[in-house]
Amino acid sequence: MDYPLLNAFWTMCLIFLWILWLILLFRIIGDIFRSRDINNWAKTGWLVLVIVLPFLGVFIYVIARGHGMSEREYAQAERQQKQLQHYLRETAGTGDETARHADSLAKLAELKNHGDITEEEFQKAKAKVLA
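For the sequence shown, my numbering gives the first residue as 91, with consecutive numbering after it.
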């Protein structure tokens, strides 16, 4: 069981680089599928290159198309954010009505916290707003 510390460090570095390369490979494959500016034949060619010659294919892809990877990822994140906001607006109901109810409840809570109205009055007013 004689394994010097420097060999352990070197092994950890190699494992780290291998995991880093795997992450990069999966990001590139995701980027190939996400790209809308290349046709299906070009996507197939890139996939074949990345799968058949993995190290060389990854490096060639990063050199050839790496500049747009972050832009495509950012555009995808924006699309997902817009879809989420649209879904939340649909689910929560109309924005004006919801905002009006929220403002009314906030004013009622402020009045109750200042002692201007009692707990009973607050509950009655809250029931009216929510009804």
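Using N, Cα and C, we set each Cβ at its ideal position, and we do this for glycine too.
For the alpha helix (DSSP H) that residue i lies in, which residues bound it at each end?
| i | result |
| --- | --- |
| P94 | Run containing P94: none; DSSP gives neither H nor E here. |
| R126 | Premise fails: R126 is in no alpha helix (DSSP H) and is neither H nor E. |
| H176 | M159 to A182 |
| L146 | P144 to R155 |
| A217 | E209 to L220 |
Do residue i and residue j have their CB atoms nearer than 8 Å?
| i | j | result |
| --- | --- | --- |
| L114 | V142 | no |
| L137 | I150 | no |
| V219 | L195 | yes |
Exposed or buried, residue i, counting other C-beta atoms within 10 Å across all chains shown (16 or more means buried)?
| i | result |
| --- | --- |
| L198 | buried |
| I105 | exposed |
| D153 | Correcting the residue type first, residue 153 is Ile in the shown sequence and not Asp. So I153 ends up on the exposed side. |
| I118 | buried |
Subject >> Cβ contact (3+ pairs, closer than 8 Å) linking the stretch 116 to 132 and the stretch 154 to 174 >> reply: yes
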